[in-house]
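S.K.: This structure is in structure tokens; I'll ask about it shortly.
2 protein chains.
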Amino acid sequence: MQMPKTNENKMITIYDIAKEAQVSTATVSRVLTGNTKVGKEKREKILAIIKKYNFKPNAMARGLSDTKSKIIGILVADVRNPFYADLFVACEQAAKSVGYTVLLCNSLDVMQQEEHLLDRLAQQRVEAIIQIGGRVDDLVSNMEYVEKVNQIMNTIPVVVTGKLEGTKCKMVRIDSMKAMELLMEHLISLGHHQIAMVGGNIKVLSTYEKLLQYKHTLNKYHIPYDEELISLEGSYNSESGYTLMNDIFAKGKHPTAVVAINDCAATGVQRSILEHGYRIPEDISLVGYDNTYVSQMMIPRLTTIDYDYPLFGKYLIEAAIDAIEGKGEMMKTVTPHLVVRESSGKAKQ
Amino acid sequence: MQMPKTNENKMITIYDIAKEAQVSTATVSRVLTGNTKVGKEKREKILAIIKKYNFKPNAMARGLSDTKSKIIGILVADVRNPFYADLFVACEQAAKSVGYTVLLCNSLDVMQQEEHLLDRLAQQRVEAIIQIGGRVDDLVSNMEYVEKVNQIMNTIPVVVTGKLEGTKCKMVRIDSMKAMELLMEHLISLGHHQIAMVGGNIKVLSTYEKLLQYKHTLNKYHIPYDEELISLEGSYNSESGYTLMNDIFAKGKHPTAVVAINDCAATGVQRSILEHGYRIPEDISLVGYDNTYVSQMMIPRLTTIDYDYPLFGKYLIEAAIDAIEGKGEMMKTVTPHLVVRESSGKAKQ
DNA sequence: GTCCGAATTGAAACCGGTTACTTAGTTTCA
DNA sequence: TGAAACTAAGTAACCGGTTTCAATTCGGAC
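The listed protein sequences correspond, in order, to chains L and W.
Under my numbering, the first residue of the first sequence carries the number 1, and numbering increases by one thereafter.
Under my numbering, the first residue of the second sequence carries the number 1001, and numbering increases by one thereafter.
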């Protein structure tokens, strides 16, 4: 009978290295951290042995003694959403460049789960938590959640992409108003007056802001506001875009342009438009948000808003590290850029 | 001058709890782990105090003493790829259900990075590593990488979605041959004989297998093989699908059906087809792989292959845990299913 | 030749848990 | 009633590093 080979090939430790090099563990630790000088001879001997055994210091032991895990936790609504995936990868890269690792958790839009994951990240002793999407996008913050975050914030700083009123979370926000302004002015300059806004949900802060700016821009150009062109009582995916756009057609409305709440929703809007016998962009122009790869897969390619993801990620990580060190500004803003592609064109006369 | 508030609101520890409950840390630890009996009275008192301070045991200290981090590292080529994202989320869910947390790293297809990330995961003392995509998809394994993985395997088991010859990695594989068979028989049953295969790269194992099965199925139905209908010297994205499909048209070929290497590539193939004046599916049928949300966004919706992601994830996590415990089979296979949508139809006469 | 400071290095405490071993207090049952 | 058996809870060692503090060595100045 064979022993269950439980892969317990015990790790080699700093003691083993010290022993073989005939020095103390303190000395080995010194060459590992590089904080203090160590004699050239011993240093080289130690390095050779470390290399020989491919020794990697145990991150847990390390974290235990200096209370620095060098991990930033990222809580995201759903990485399968290309916007979040892009942003996550940007964070990962930014973190790497400053010596941090990121730990990802998906809340999958389950509120209870979000609270649970905050606890889990706290337990892993991440040094900071970045929350992207989910509860922090709510137009009016959920009090229960605010309380939970405040509790966590007693020990671990939290950075959010949206806002969380009643907390001291640092924020990195998208200038959604500016983004909408860019899209609207683009469409208006092409002669559009009947502009629909479709997808997403008005209870989400950025969506609310987009609507505000939508109205504001119409007003600026003296274009009357028609509530029936607005359909924001759904979600951020393709199906929702499809359903909500169908609703607008069902009301007998025939916009010459549609602003979809994001790229994914735009694909559903496109389906609805085509099914109703219109062409894009000849009959109806379509624009989206986020410049995810989805917008480049669409036929025609989608005019959309880009955010410079690497910079966005950098801001988030910087905010996290600032928060860890207890310094830095409370809020940074990411500037949106218009990306014009083939889905938007001159309004039909 | 103000002290830099470095968020050092020191965590409360098991000692604090023990002190307040007037018991030893051992007793507190016992109620935390639940391994041993503790008197009802003390237990309740301790639980109350734990709750009062929202105490979470330090995962690092815990991991240090029992050498179990309860973390599985996942090394994925790129979460932005919807196939990987779906699979990652499936793993995350499966891991959660057995009490594990997952740590995600993106290799972003940089070989050197892959090796580096293996080290990093090892350093975090993850109990197992699951590698999805990247080097483990190579048709012929890179020897340098095999050596690296073997080195890691001395202490941490590695599970792969592909294969890594020369290692003892457990495998969870997709039956790509079966998948291709399903697609081909579907198309052939619709009367297609001129079937192109486009996108991806022949140096990737699954792609190689698909080609094998492609030829095999043609043979089975006595359909001649035409090498010029094959274009597999690119990548797995939309642009590549577009370019490679253009190549086929440039050769003067006019297939009645196209198998794209995955859903993303299919979007590019679609663009090429439309630009050449053909309709889908009336003139040319198009099918893809992976049943990612992309396939449902396309117009028309794409016929594709689904893998039951939750099960796939479950297999991967099970394999990882089996590997940790030194038991279980070396290989499991995921069965593909055909999902018929509107992009495939009867062949034109 | 003596003394001082700088440079190395080692001993030991500590980080925050878990757990083997021990002790004290109860039961069980002959 | 007393010995054996069991239970609850405490003591202390340990996990694998980092770091403070003290000791030792060495070179150079006077």
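All residues carry an ideal CB built from backbone N, CA and C; glycine is no exception.
With which residues is residue 1233 (chain W) paired in a DSSP beta bridge?
M.R.: Answer is W:1201.
S.K.: Shortest alpha-carbon distance to residue 105 (chain L) belongs to which of W:1116, W:1136, W:1090?
M.R.: Considering only alpha carbons, the answer is W:1090.
S.K.: Can you list, in chain order, the residues of its chain whose CB lies under 6 Å from that of residue 1011 (chain W), leaving out five sequence neighbours each side?
M.R.: So the list is empty, once near-sequence residues are dropped.
S.K.: Only counting the same chain, and skipping five residues up and downstream in sequence, which positions put a Cβ closer than 8 Å to that of residue 1334 (chain W)?
M.R.: Here the set comprises 1172, 1173, 1174, 1175, 1307, 1308, 1311, 1312, 1315.
S.K.: Bridge partners of residue 1131 (chain W), per DSSP?
M.R.: Partner(s): W:1075, W:1160.
S.K.: Under DSSP, the beta strand (DSSP E) around residue 173 (chain L) begins and ends at which residues?
M.R.: Here the beta strand (DSSP E) through residue 173 (chain L) covers 170-174.
S.K.: With a threshold of 9 Å between beta carbons, is residue 1131 (chain W) in contact with chain L?
M.R.: By this cut-off, residue 1131 (chain W) is not an interface position.
S.K.: Counting contacts by CB-CB distance shorter than 9 Å, is residue 330 (chain L) in contact with chain W?
M.R.: Answer no: the Cβ-Cβ gap between residue 330 (chain L) and chain W never drops below 9 Å.
S.K.: Note down, in chain order, every chain L residue with its Cβ under 8 Å from the Cβ of residue 1238 (chain W).
M.R.: Those within 8 Å of residue 1238 (chain W) in chain L are 293, 296, 297.
S.K.: Mind checking who residue 1195 (chain W) pairs with in its DSSP beta bridge?
M.R.: Note: residue 1195 (chain W) sits in a beta bridge opposite W:1257.
S.K.: Measuring CA to CA, which of W:1168, W:1349, W:1066, W:1082 is closest to residue 1136 (chain W)?
M.R.: Closest option to residue 1136 (chain W), Cα to Cα, is W:1168.
S.K.: Counting only runs that start and end within the stretch 63-124 of chain L, where is the alpha helix (DSSP H) found for 4 or more residues in a row?
M.R.: DSSP runs (the alpha helix (DSSP H)) wholly in the stretch 63-124 of chain L: 82-97, 111-123.
S.K.: Determine, using beta carbons only, whether residue 1339 (chain W) and residue 1305 (chain W) come nearer to each other than 9 Å.
M.R.: It is a contact, given that the beta carbons lie within the stated cut-off.
S.K.: Looking only at its chain, what residues have a beta carbon closer than 7 Å to the beta carbon of residue 270 (chain L), apart from the 5 residues adjacent to it on each side?
M.R.: Result list for residue 270 (chain L): 280, 286, 298, in chain order.
S.K.: Against chain W, with Cβ distances strictly below 9 Å, would residue 69 (chain L) count as a contact?
M.R.: Yes, because at least one Cβ of chain W sits closer than 9 Å to the Cβ of residue 69 (chain L).
S.K.: Give the straight-line distance between the Cα atoms of residue 191 (chain L) and residue 252 (chain L), rounded to the nearest whole angstrom.
M.R.: Answer to the nearest angstrom: the Cα atoms are 21 Å apart.
S.K.: What does the alpha-carbon distance come out to for the pair residue 1005 (chain W) and residue 325 (chain L)?
M.R.: In this predicted model, residue 1005 (chain W) has a pLDDT of only 40, less than 50, meaning its place in the structure is not dependable enough to derive any value.
S.K.: What first and last residue would you give for the beta strand (DSSP E) that runs through residue 1305 (chain W)?
M.R.: Looking at the DSSP string, the run of the beta strand (DSSP E) that includes residue 1305 (chain W) is 1304-1306.
S.K.: Nearest-angstrom Cα distance between residue 1086 (chain W) and residue 127 (chain L)?
M.R.: If I take the Cα positions, the gap works out to 28 Å.
S.K.: Grab me the residues of residue 211 (chain L)'s own chain with a C-beta within less than 6 Å of its C-beta, minus the 5 sequence neighbours each way, in chain order.
M.R.: For residue 211 (chain L), where only same-chain residues beyond five positions count, there are no Cβ hits under 6 Å.
S.K.: Under 9 Å, CB to CB, which of the residues in the stretch 1055-1068 of chain W have a partner in chain L?
M.R.: Result list: 1056, 1057, 1058, 1059, 1060, 1061, 1062, 1063, 1064, 1067.
S.K.: Any Cβ of chain L within less than 9 Å of the Cβ of residue 1085 (chain W)?
M.R.: So, interface residue.
S.K.: Report buried or exposed for residue 1056 (chain W), applying the criterion of at least 16 other Cβ atoms within 10 angstroms of its Cβ.
M.R.: Buried, since its Cβ has 16 or more Cβ neighbours within 10 Å.
S.K.: Taking a Cβ distance cut-off of 8 Å, strictly less, list which residues of the stretch 1307-1337 of chain W are near chain L, in chain order.
M.R.: Cβ contacts with chain L: 1323, 1324, 1325, 1326, 1327.
S.K.: Helix or strand or just coil, what does DSSP make of residue 24 (chain L)?
M.R.: Correct three-state label for residue 24 (chain L): coil.
S.K.: Using a Cβ cut-off of 8 Å, which residues of the stretch 1115-1145 of chain W contact any Cβ in chain L, in chain order?
M.R.: So the close ones are 1119, 1120, 1122, 1123, 1124, 1125.
S.K.: So with Cβ pairs under 9 Å, would you call residue 267 (chain L) a contact of chain W?
M.R.: Judged by the 9 Å Cβ criterion, residue 267 (chain L) is in contact with chain W.
S.K.: Taking 8 Å as the threshold, find out whether the stretch 250-266 of chain L comes into contact with the stretch 152-163 of chain L through three or more Cβ pairs.
M.R.: The stretch 250-266 of chain L vs the stretch 152-163 of chain L: no contact.
S.K.: Please say whether residue 23 (chain L) and residue 37 (chain L) have beta carbons closer to each other than 9 Å?
M.R.: No, they are not a contact pair.
S.K.: Tell me residue 285 (chain L)'s beta-bridge partners as DSSP assigns them.
M.R.: DSSP lists L:257 as partners of residue 285 (chain L).
S.K.: Does residue 43 (chain L) get closer than 9 Å to chain W when you measure Cβ to Cβ?
M.R.: No, residue 43 (chain L) lies away from the interface with chain W (no Cβ there is under 9 Å from its Cβ).
S.K.: Would you kindly check if the distance between the Cβ of residue 164 (chain L) and the Cβ of residue 201 (chain L) is under 9 Å?
M.R.: Contact flag unset, no.
S.K.: So, are the CB atoms of residue 1221 (chain W) and residue 1261 (chain W) less than 9 Å apart?
M.R.: No, Cβ-Cβ distance for residue 1221 (chain W) and residue 1261 (chain W) is not below 9 Å.
S.K.: Using the Cα positions of residue 1330 (chain W) and residue 1170 (chain W), report the straight-line distance between them to the nearest angstrom.
M.R.: Roughly 5 Å separates the two Cα atoms.
S.K.: Since residue 319 (chain L) contacts residue 332 (chain L) with CB under 8 Å, what's their CB separation in whole angstroms?
M.R.: With 8 Å as the limit, residue 319 (chain L) and residue 332 (chain L) qualify as a contact, their Cβ atoms being about 6 Å apart.
S.K.: Give the DSSP-derived three-state secondary structure of residue 1033 (chain W) in the structure shown.
M.R.: Looking at residue 1033 (chain W) - three-state DSSP - the assignment turns out to be helix.
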